Amino acid sequence: MYTPVARGGAIEADVGEIDATLTRLERARAAIETGIQLVTIAKQKAEQKVAEKLPDHLKPQASRVLMALALVVALTLLGVAASVMLYDGRADAAEVPRDTLASSMQRPTSVLEIDASPPPPSNSPAFKTPMRAARGFVMLTPPSSQGRVFMREGQPYRFVGMNMWAGMHLVHEGGRAKLVRELDRLQSMGVRSLRVLASGEGPDDSPWRLLPTLQPKMHMYSEPLARGLDYLLAELAVRDMTATLVLNNQWSWSGGQAAYLAWATGSENIPFPAPAGSATVDSFLRFSAGFYTDARAVAASHWLISFLTRRMNSVSNVKYADDPTIMAWEMCNEPRAVGGPLEREAYRLWVAQTAALLKALAPKQLVTIGSEGMTPIPQYIGTDFAADHSSLHIDFATVHIRPEVWSWYDPVVGNEEELEQAIRMSQQYLANHAMIARRLGKPLVLQELALSRDGGAFIATAPTTSRDRYFDALLRSVHESAEVAGAQLWAWAGEGRPKEAGVHWVLGDELIGDPPQERQGHYSIFDTDVTTVATIAKWSTRFHEYT
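547 is the number that UniProt numbering gives the last residue of the sequence shown; the numbers go up by one with no jumps.
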């Protein structure tokens, strides 16, 4: 119990601290109640299946398994509650050694490093004018027969956006002046929204990993990188641009779920696929799906959510949860549930509880899963696009389209027939998901759209004729769809160039549009891609006219 201290006849109580504690307790209670409801529903469904399909002699054993699963989920809920209650958004003032691993019952500890970033460049809007608050929050209209759309300050909000996943690293890597130049270029093209990585897990000696990482150890973070994200958001605000912050990753290039699972289990044997290791992609995905069934791994990922939503931006002095620049929180990049029924049920519980946690901690901002959609192999990836996005805590749906990965397009062949097939199948994929989004009454965002350069070339001087036509056709489809609110192209390299085109990234190379595990130059959009830039600018103008 808090005891007020009497001083000079007056009672002085730390009202702010009391309010903050009560808020944490209330949010923890809400998270636990949501989880209990989910556990009850899942247990009832499982018991029904047991009663219907199992012979009597197996039912006692099945009941014991159900009780064990309920215990696992209960432990996860306790982890969520702990992460909500025990972090109040302030790093400890004392310096913490790099090799100190904070307990899950402690506040987060910062890996205190020197922030050597120079002050804002003189051509930065943040330098020329006092830092101001962004415009209003991006919100959803009330439910109606026409579905729901994004609104900002009373106007429909539709956009052509860009993936710039390494935004916070650009500040750390090349100083703030480079980031300012890139944002100025994107603004001149009419780009209104960026999708950026706000996470990164694992030691800096991890293979084919985006380095440095935001969390080199569990419950520890790099303050210089966090300040890079601060600066990025502040610069977006003065340009009236918004951001979707990605909080986790199915794939290994930023650590993500596999790193959390390795931390939780104490295992150093992550089965990395090529080029980082010799395992198959299937082996890696099955390992990574263990994240959903491990309460400690899920709780560790929720720690980052608590840390970021409560962080005070060191540049704008705006709390992240109160910053209109943050359009949305994305739970994970392309989450999959490869495995069996246990992984799939655990995945759906993770979606529900993580979305509920985000809504409790950042109720003014939107939440999305980060789904790639059904893909051509929906049974294998283990997700259910309609069911996953039906949660009241999920505000909009997303879809990613990769014609080359899905064998819809071969850039080496690259003839008219190949391109037309890629366009046709991509448009159909988008339309199928737009139909589901309409039934759900939620907007859809085409969150990743990529095509390589002509002939599959990696050099920045190679032509982009096919990619330009592909982007033009798909952006037209987005523009004409009432359900699709916007598109974010993959991915902006700007003035960055690979040290050697077609090889994999290593520490010391420039960060461009291709993550470390991809051959550099594959999908990157460079500032010298004049025709691609013109295509983006054309459709940005048309989207602005709509609003």
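Just so you know, even glycine gets a beta-carbon here, dropped at the ideal spot from N, CA and C. For clarity, every value in this text was computed on a predicted model and none was experimentally measured.
Quick one: using the 10 Å Cβ neighbour count with 16 as the cut-off for buried, is residue i buried or exposed?
i    : result
A94  : For A94, the pLDDT reaches just 27, beneath the cut-off of 50, and the residue's location in the model is therefore unreliable, although a value from the coordinates is still provided. Burial call: exposed.
P403 : buried
S426 : buried
S524 : buried
M327 : buried
Y380 : exposed
I377 : exposed
V530 : exposed
L101 : Residue placement at L101 cannot be trusted, given a pLDDT of 28 that sits under 50; what the coordinates show is reported in the next sentence. Exposed, by the Cβ-count rule.
V84  : In this prediction, V84 scores a pLDDT of 46, lower than 50, which makes its location untrustworthy; no coordinate-derived value is stated.
I369 : buried
V351 : buried
Q106 : Its pLDDT being 39, under 50, Q106 is placed unreliably by the model, and nothing is read from it.
R158 : buried
V478 : buried
K499 : exposed
So residue i is in the alpha helix (DSSP H); what residue range does that whole segment cover?
i    : result
L342 : 341-361
L507 : From DSSP, L507 is part of no alpha helix (DSSP H); its letter is neither H nor E.
R476 : 465-480
V281 : 281-288
V338 : Unbroken run through V338: none, as it is neither H nor E.
T265 : 256-265
T309 : 295-310
Q320 : Rather than Gln, the amino acid found at residue 320 in this sequence is Tyr. Where Y320 is concerned, there is no enclosing alpha helix (DSSP H), given that its DSSP letter is neither H nor E.
P378 : 378-381
For residue i, which residues of its own chain have a beta-carbon under 8 angstroms away from its beta-carbon, when the five flanking residues on both sides are left out?
i    : result
G382 : A289, R336, A337, V338, G339, E343, R344, Y347
G136 : R152, E153, P324
M241 : L183, L186, Q187, V191, R192, S193, L194, T325
Which residues in the same chain have their Cβ closer than 7 angstroms to the Cβ of residue i, if we skip the five residues on either side of it in sequence?
i           : result
residue 548 : Because the chain is modelled from 1 through 547, residue 548 falls outside the range shown and cannot be assessed.
I436        : F385, A386
Y260        : E201, F291, A297, A300, S301
T541        : G190
G228        : M168, H169, V171, H172
A362        : T309, A321, W329
On a CA-only basis, which of the options is nearest residue i? Give me that one, please.
i    : options                : result
M162 : A534, A177, L449       : L449
V171 : A457, D514, A234       : A234
A537 : D472, H389, A431, G175 : D472
R209 : G502, G277, T532       : G277
A264 : H400, I270, F284, D294 : D294
Y231 : P275, L179, C332       : L179
For residue i, which residues in the same chain have their Cβ closer than 6 angstroms to its Cβ, ignoring the five residues on either side in sequence?
i    : result
L451 : R467, Y470
Q517 : W208, W253
W492 : M162, M164, G513, I525
Beta strand (DSSP E) containing residue i: first to last residue?
i    : result
L245 : 242-246
N163 : 159-163
M425 : Premise fails: M425 lies in the alpha helix (DSSP H), 416-440, not in any beta strand (DSSP E).
L489 : 484-489
V138 : 138-140
DSSP puts residue i in a beta bridge; with which residues?
i    : result
S540 : Bridge partners of S540: none, in fact.
P156 : M151
E201 : Q215
N249 : N333
W408 : W408 pairs with nothing; no bridge assigned.
V399 : L446
F526 : G494
V180 : In the DSSP output, where bridge partners are listed per residue, V180 has none listed.
I326 : A243
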